[in-house]
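Trainee: Quick one: the structure is below, and I'll ask about it shortly.
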Amino acid sequence: MHNFLPIAYFQNQFVPFENATVSIATHALHYGTGAFGGLRGIPDPQNPNQALLFRLDRHCKRLSNSARFLHFDLPADKIQSVIVDFVRKNQPKSSFYIRPFVYTSDLGIAPRLHKIEKDFFVYGLELGDYLSPEGVSCRISSWYRQEDRSLPLRGKISGAYITSSLAKTEAVESGFDEAILMNAHGKVSEASGMNIFIVRQGQLITPGYEQDILEGITRDSVLTIARDLGIPVVERSIDKSELFIADEVFLSGTAAKVTPVRRIENYELSNVRPITEKLRDKLTAITENRDSAYKDWVYVIPLD
Ligand code: PMP
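Letter by letter, the sequence shown follows residues 13 to 316 in my numbering.
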């Protein structure tokens with residue numbers, strides 16, 4: 013069971029987390045017509061009277077875009093002000109994860125997005141490591157990443173996570189930690205809730221947007237950091253066989269941060285990972301606001 017933060021935002025007000033409950037008839041529960049965000053925050057290691065949120069503006073913009081796909085007009089600045097108030101009210105004492113969610117809250121049946129009540133809630137939980145920082149084993153999933161012609165992949169649409177769930181469970185039940193999904197064209201897309209990077213001959217490679225990936229905010233951060241460090245970067249399609257001969261492979265995501273991959277299917281990868289470690293260390297320093305060159309990525313919230 014998770015340690016939930018005590019206060020949630022629900023139906024336009026802050027309430028105890030336990031009181032933020034929905035009916036079994038809620039439309040989104042049946043049709044997957046919700047969309048969510050996921051942000052990490054920490055108490056400032058340099059100043060316990062403030063909390064730090066990583067790339068708050070980008071997360072709010074992505075959720076606002078997701079809401080648009082659900083025919084719900086929810087401006088990014090509205091999301092941002094609720095999240096800031098949410099953190100102030102909760103006064104988190106350890107590393108935490110915020111889950112903002114938009115959804116069709118109506119109690120009527122029939123799948124649709126028009127003429128239907130919507131709502132926006134926010135809750136949070138304490139969250140340490142999501143995947144082992146020592147490295148994970150990955151199975152190539154028998155489930156494929158969806159295509160944008162079937163659902164909007166630029167949004168974090170809740171219904172889409174059936175594919176992630178099938179893939180993750182298939183991987184875990186067959187002895188792996190995580191799943192890597194191909195897209196409909198047989199190219200590497202991403203993991204169940206993370207983007208993927210490989211390193212070959214000193215070059216950092218990740219699938220581009222045309223490979224049906226989520227527009228990951230950690231992915232964007234890693235690419236920027238790598239370019240700033242002078243690491244050659246290329247966004248291109250990746251074949252399955254390249255995964256097995258890569259010098260390094262890692263996953264990126266808000267929950268997973270930068271997680272090394274140590275094995276894919278029956279191929280053991282090297283445990284020497286200079287580029288993965290360099291990027292991970294830099295990302296950690298940035299999220300802890302120890303790197304002034306990236307202070308624009310860190311939103312500081314006073315807690316008193
Ligand atoms: N892909 C999927 C399917 C995800 O759910 C996530 C987590 N949000 C990511 C990639 C990574 O995105 P981000 O770095 O923005 O957390």
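From the three backbone atoms N, C-alpha and C, an ideal C-beta is built for every residue, glycine too.
Since we're looking at a predicted model, the values are computed, not measured.
Comparing the CB of G120 with every heavy atom of the ligand PMP, is any distance shorter than 6 Å?
Mentor: Along the sequence shown, one-based indexing puts residue 120 at 108. The answer is no for G120.
Trainee: Buried or exposed: which applies to K199, given that a residue is buried once 16 or more other Cβ atoms fall within 10 Å of its Cβ?
Mentor: Start at 1 with the first residue of the sequence shown, and residue 199 comes out as number 187. By the neighbour-count rule (16 or more Cβ atoms within 10 Å), K199 is buried.
Trainee: Using only the alpha-carbon positions, how far apart do T299 and L235 sit?
Mentor: Taking the sequence shown and counting its residues from 1, the one referred to as residue 299 is at position 287. Taking the sequence shown and counting its residues from 1, the one referred to as residue 235 is at position 223. So the alpha carbons of these two residues sit roughly 15 Å apart.
Trainee: Any C-beta of chain D sitting closer than 7 Å to the C-beta of N24?
Mentor: Of the protein chains in the structure, only one exists, and it is not chain D.
Trainee: If you compare alpha carbons, which of P87, E222, Q158, D85 is closest to S249?
Mentor: The sequence position of residue 249 within the sequence shown is 237, counting from 1. Per the Cα distances, E222.
Trainee: Using the C-alpha atoms, what's the distance from K90 back to H71?
Mentor: Locating residue 71 in the sequence shown gives position 59, where the first residue counts as 1. Locating residue 90 in the sequence shown gives position 78, where the first residue counts as 1. Going by the C-alpha atoms only, they are around 12 Å apart.
Trainee: Rounded to whole angstroms, what is the Cα-Cα separation between G187 and G167?
Mentor: Position 175 of the sequence shown, counting from 1, holds the residue named residue 187. Position 155 of the sequence shown, counting from 1, holds the residue named residue 167. If you take the alpha carbons of G187 and G167, they lie about 30 Å apart.
Trainee: Please name the residue or residues paired with G220 in a DSSP beta bridge.
Mentor: On the sequence shown, residue 220 is found 208 positions in, with the first residue counted as 1. Beta-bridge pairing links G220 to no other residue.
Trainee: In terms of alpha-carbon separation, which member of C150, F133, H39 lies closest to N31?
Mentor: Looking up residue 31 in the sequence shown gives position 19. Closest option to N31, Cα to Cα, is F133.
Trainee: Should T218 be counted as a contact of the ligand PMP given a C-beta to heavy atom distance under 6 Å?
Mentor: On the sequence shown, residue 218 is found 206 positions in, with the first residue counted as 1. Checking the Cβ of T218 against the ligand PMP gives no.
Trainee: With a floor of 4 residues, list each alpha helix (DSSP H) that falls wholly inside the stretch 42 to 115, ordered by position along the chain.
Mentor: If we require 4 residues or more, the alpha helix (DSSP H) runs fully inside the stretch 42 to 115 come out as 68 to 81, 88 to 102.
Trainee: With three or more C-beta pairs closer than 8 Å as the rule, is the stretch 101 to 115 touching the stretch 126 to 140?
Mentor: Touching, yes, given that three or more Cβ pairs across the two stretches are closer than 8 Å.
Trainee: DSSP three-state label for V284, please.
Mentor: In the sequence shown, residue 284 corresponds to position 272, counting from 1. Of the three classes helix, strand and coil, the one that applies to V284 here is coil, per DSSP.
Trainee: Rounded to a whole number of angstroms, what is the C-alpha to C-alpha distance between P164 and L51?
Mentor: Position 152 of the sequence shown, counting from 1, holds the residue named residue 164. Position 39 of the sequence shown, counting from 1, holds the residue named residue 51. Looking at the two C-alpha atoms, the distance is approximately 21 Å.
Trainee: If you follow the alpha helix (DSSP H) that A11 is in, where does it begin and where does it stop?
Mentor: One cannot answer for residue 11 here, as it falls past the ends of the chain, which runs 13 to 316.
Trainee: Identify which residue in T38, D259, S154, G228 has its Cα closest to the Cα of Q215.
Mentor: Working through the sequence shown from its first residue, we reach residue 215 at position 203. The candidate whose alpha carbon is nearest that of Q215 is D259.
Trainee: Using DSSP's beta-bridge definition, name the partner residues of K269.
Mentor: Your numbering for residue 269 matches position 257 in the sequence shown. DSSP, once it has assigned bridges, lists G265 as partnering K269.
Trainee: Round the Cβ separation of A63 and D56 to the nearest angstrom and send it over; I've been treating them as touching at under 8 Å.
Mentor: The sequence position of residue 63 within the sequence shown is 51, counting from 1. The sequence position of residue 56 within the sequence shown is 44, counting from 1. Yes, A63 and D56 are in contact; Cβ-Cβ is about 7 Å, under 8 Å.
Trainee: Using 8 Å for Cβ pairs, my map puts E159 next to D224. What's the rounded Cβ distance?
Mentor: On the sequence shown, position 147 is the one that residue 159 refers to. On the sequence shown, position 212 is the one that residue 224 refers to. Contact flag correct, Cβ pair sits at about 6 Å.
Trainee: Can you find the residues in the same chain that come closer than 7 Å, C-beta to C-beta, to S149, ignoring five residues on each side of it along the sequence?
Mentor: Locating residue 149 in the sequence shown gives position 137, counting from the first residue. Correct list, in chain order: F188, D189, R274, R275.
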